[in-house]
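Protein chains in written order, with our numbering: chain A, 254 to 345; chain B, 2 to 321.
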Ligand SMILES: Cc1ncc(C[n+]2csc(CCOP(=O)(O)OP(=O)(O)O)c2C)c(N)n1
Ligand code: SF4
Ligand SMILES: [Mg+2]
């Protein structure tokens, strides 16, 4: 061991991911964007539950949902699962 | 044994995500939905350990983490061994009075490769020793992170890069290993199957697996559009069709007693509602060859295997 090297107690025991991925935006992956018909939407929240990216939020204070396009990858699960077909996927 | 936790969609939507946005899973990845929903089931401080595989990779690309709870990855084969160590350490710390919480729960996560194949030894040992943890298998039916190789969880007839459908073979020649039954045979207190379309059933079972004293095993069906060559928008629909065709029935075994869960029980009581397997297969490119004249007969074989397994399950549930 050279004098510059750290001993085992000084080095991190493993790689540590220290930054939250909410700082890594995945919204620019998308080809299609969800567009919601506010009249048709019943606020059943199924899209909020099924979104793989947690990109649809329920806002209790507004009594409504909100799409976070910074994370939406445009997969279309929300549109496919919406029981009243209130979501349309539009080509960006 | 279990708390009577009841919840609405609104309550689940209001719970903050513990598996966070910004992960790098493909668009339409059902395993990512599964993790979001399972993390809504935690009851307090929780430590997660993850085997190598897509969900580990997409949630820990340096320096980013998609976990809002303590999380550790070590290797591909040892999620259950990690969980054993964590649980043992927690026990000692509690005994020494260094942890004040009533519970600190441990969840091990692994894919099908990490469970049916390389991880089964660590898993079998950990549950035999009786460690108190929940093991979640998210089953996307192949080694997806390394490029869609077949595993013990890949179903008969599926084309993968190591079971390629072509002029010689019609996709994988062997059946899917009945991993959840193998876990029931370990005589552990809780084993269940779940599928994300049935989100309430999934969250309830995850909570039961966390609450039960001793090892629990949760086998979750998790469509992968990349590897299944399916439309990303259809991942949750496929998780419904797998249940409706009885390809992936939902059940739980509490202390070894099998019982069907409601979505499958409905089909047992009204068999005319059971859908033909073709409705599920035809949405996926990995089964595309089964719809050509050369291999057409194999869809009947898949129907036969599915029916046989379903009948065997009904007998275990005392429903015949
Ligand atoms: C001992 C070992 N062998 C092989 C690998 C390479 N490897 C990394 S991820 C992976 C596939 C994981 O498949 P699965 O458990 O089904 O998870 P998925 O990626 O499908 O989510 C493999 C083979 C490894 N990391 N370690
Ligand atoms: S390959 Fe499949 S399991 Fe892996 S991130 Fe993509 S969709 Fe999810
Ligand atoms: Mg896999």
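For each residue, glycine too, the CB sits at the ideal point set by N, CA and C.
Computed from a predicted structure; not experimentally measured.
Kindly say whether residue 277 of chain A, judged by its beta-carbon, lies nearer than 8 Å to any beta-carbon of chain B.
Here the question's residue 277 of chain A lines up with position 24 in the first chain. At least one chain B Cβ lies under 8 Å of residue 277 of chain A.
Quick one: does residue 288 of chain A have its CB under 8 Å from some CB of chain B?
If you number the first chain from 1, residue 288 of chain A lands on position 35. Not closer than 8 Å to any Cβ of chain B, the Cβ of residue 288 of chain A fails to qualify, so no.
Nearest CA to the CA of residue 84 of chain B: which residue from B:235, B:11, B:293 and B:137?
The residue labelled residue 84 of chain B in the question sits at position 83 within the second chain. The residue with the shortest Cα to Cα distance from residue 84 of chain B is B:137.
By the three-class DSSP mapping on this structure, what secondary structure does residue 229 of chain B have?
On the second chain, residue 229 of chain B is found 228 positions in, with the first residue counted as 1. If DSSP states are grouped into helix, strand and coil, residue 229 of chain B belongs with the helices.
Examine the Cβ distances between the region 50-66 of chain B and the region 26-38 of chain B and report whether three or more of them are shorter than 8 Å.
Yes, the region 50-66 of chain B touches the region 26-38 of chain B.
Three-state secondary structure (DSSP) of residue 56 of chain B
Against the second chain, residue 56 of chain B aligns to sequence position 55. In the structure shown, residue 56 of chain B adopts helical secondary structure according to DSSP, grouped into three states.
Name the chain B residues that come within less than 9 Å of residue 261 of chain A, Cβ to Cβ?
As a working mapping, residue 261 of chain A is identified with position 8 in the first chain. Under the 9 Å cutoff, chain B gives no residues; its nearest Cβ is about 17 Å from residue 261 of chain A.
Considering residue 342 of chain A, what are the terminal residues of the beta strand (DSSP E) in which it resides?
The sequence position of residue 342 of chain A within the first chain is 89, counting from 1. Looking at the DSSP string, the run of the beta strand (DSSP E) that includes residue 342 of chain A is 340-344.
To the nearest angstrom, report how far apart residue 254 of chain A and residue 270 of chain A are at their CA atoms.
For the purposes of this step, residue 254 of chain A is taken as residue 1 along the first chain, with counting starting at 1. For the purposes of this step, residue 270 of chain A is taken as residue 17 along the first chain, with counting starting at 1. Summary for residue 254 of chain A: the model assigns pLDDT 49, below 50, so the residue's position carries little reliability; its value from the coordinates is reported in the next sentence. Whole-angstrom Cα-Cα distance: 27 Å.
Does the beta carbon of residue 246 of chain B come closer than 8 Å to any beta carbon on chain A?
For the purposes of this step, residue 246 of chain B is taken as residue 245 along the second chain, with counting starting at 1. False, the Cβ-Cβ gap to chain A never drops below 8 Å.
Proximal residues of chain B, C-beta to C-beta of residue 297 of chain A below 9 Å
Indexing the first chain from 1 puts residue 297 of chain A at position 44. Near residue 297 of chain A (Cβ distances below 9 Å), the residues of chain B are 10.
Contact check, residue 173 of chain B vs residue 157 of chain B under 8 Å by CB: the rounded distance?
For this step, residue 173 of chain B is matched to residue 172 along the second chain. For this step, residue 157 of chain B is matched to residue 156 along the second chain. Yes, residue 173 of chain B and residue 157 of chain B are in contact; Cβ-Cβ is about 6 Å, under 8 Å.
Nonlocal neighbours in the same chain, by C-beta distance under 6 Å from residue 327 of chain A, ignoring five residues either side
In the first chain, residue 327 of chain A corresponds to position 74, counting from 1. Cβ within range, chain order: 283, 284 and 285.
Note down, in chain order, every chain B residue with its Cβ under 7 Å from the Cβ of residue 332 of chain A.
Position 79 of the first chain, counting from 1, holds the residue named residue 332 of chain A. Per Cβ cutoff of 7 Å: 234.
Can you tell which of B:270, B:133, B:21 and B:192 has its C-alpha closest to the C-alpha of residue 41 of chain B?
For the purposes of this step, residue 41 of chain B is taken as residue 40 along the second chain, with counting starting at 1. Checking every option, the nearest Cα to that of residue 41 of chain B belongs to B:21.
Would you mind stating whether residue 264 of chain B and residue 202 of chain B have Cβ atoms separated by less than 8 Å?
Counted from its first residue, the second chain places residue 264 of chain B at position 263. Counted from its first residue, the second chain places residue 202 of chain B at position 201. Yes, these two residues count as a Cβ contact at 8 Å.
List the residues that DSSP assigns as beta-bridge partners of residue 51 of chain B.
As a position in the second chain, residue 51 of chain B is number 50, starting the count at 1. Residue 51 of chain B is bridged to B:74 and B:110.
Please work out which residues of its chain come closer than 8 Å, Cβ to Cβ, to residue 185 of chain B, disregarding the five sequence neighbours upstream and downstream, and give them in chain order.
Sequence index remark: in the second chain, residue 185 of chain B carries index 184 (1-based). 192, 254, 257 and 259, listed in sequence order.
What is the DSSP secondary structure of residue 272 of chain A, reduced to helix, strand or coil?
Here residue 272 of chain A refers to the residue found at position 19 of the first chain. Assigned with DSSP and collapsed to three states, residue 272 of chain A falls in strand.
CA-CA distance, residue 319 of chain A and residue 24 of chain B?
Counting from 1 along the first chain, the entry for residue 319 of chain A is found at position 66. Counting from 1 along the second chain, the entry for residue 24 of chain B is found at position 23. Looking at the two C-alpha atoms, the distance is approximately 19 Å.
Which whole-angstrom value describes the C-beta separation of residue 314 of chain B and residue 252 of chain B, a residue pair presumed to lie in contact below a C-beta threshold of 8 Å?
One-based indexing of the second chain puts residue 314 of chain B at position 313. One-based indexing of the second chain puts residue 252 of chain B at position 251. Residue 314 of chain B to residue 252 of chain B, Cβ: 7 Å. Contact.
For residue 16 of chain B, count the other beta carbons within 10 Å of its own beta carbon; 16 or more makes it buried, fewer makes it exposed. Which is it?
Here residue 16 of chain B corresponds to residue number 15 of the second chain, with the count starting at 1. So residue 16 of chain B counts as exposed.
State the CB to CB distance for the pair residue 52 of chain B and residue 82 of chain B, rounded to an integer number of angstroms; the pair is presumed to be in contact (CB under 8 Å).
Against the second chain, residue 52 of chain B aligns to sequence position 51. Against the second chain, residue 82 of chain B aligns to sequence position 81. The pair is not a contact, with the Cβ atoms about 10 Å apart (cut-off 8 Å).
7 Å Cβ shell around residue 279 of chain B - same chain, five flanking residues per side excluded
Reading the second chain from its first residue, position 278 is the one you call residue 279 of chain B. Excluding sequence neighbours, residue 279 of chain B sits near 300.
State yes or no: is the beta carbon of residue 64 of chain B nearer than 8 Å to at least one beta carbon in chain A?
Within the second chain, residue 64 of chain B is the residue found at index 63, counting from 1. It does; some Cβ of chain A falls within 8 Å.
What are the residues that DSSP puts in a beta bridge with residue 164 of chain B?
The residue given as residue 164 of chain B occupies position 163 in the second chain. In the DSSP output, where bridge partners are listed per residue, residue 164 of chain B has B:161.
Kindly say whether residue 18 of chain B, judged by its beta-carbon, lies nearer than 8 Å to any beta-carbon of chain A.
The residue given as residue 18 of chain B occupies position 17 in the second chain. Interface flag for residue 18 of chain B against chain A is set, since a Cβ pair is found closer than 8 Å.
Could you compute how far the alpha carbon of residue 11 of chain B sits from the alpha carbon of residue 310 of chain A?
Your numbering for residue 11 of chain B matches position 10 in the second chain. Your numbering for residue 310 of chain A matches position 57 in the first chain. The straight-line gap from Cα to Cα measures roughly 11 Å.
What are the residues of the region 188-200 of chain B that lie near chain A, defined by any Cβ-Cβ distance shorter than 9 Å?
197, 198 and 200
Going along chain A in order, which residues have a C-beta closer than 7 Å to the C-beta of residue 13 of chain B?
Position 12 of the second chain, counted from the first residue, corresponds to residue 13 of chain B. The answer, in chain order, is 302.
Residue 317 of chain A lies in the beta strand (DSSP E); which residues open and close that run?
The residue given as residue 317 of chain A occupies position 64 in the first chain. Element bounds for residue 317 of chain A: 317-320.
Would you say the beta carbon of residue 197 of chain B is closer than 7 Å to some non-hydrogen atom of ligand 2?
Locating residue 197 of chain B in the second chain gives position 196, where the first residue counts as 1. No, ligand 2 has no heavy atom inside 7 Å of this Cβ.
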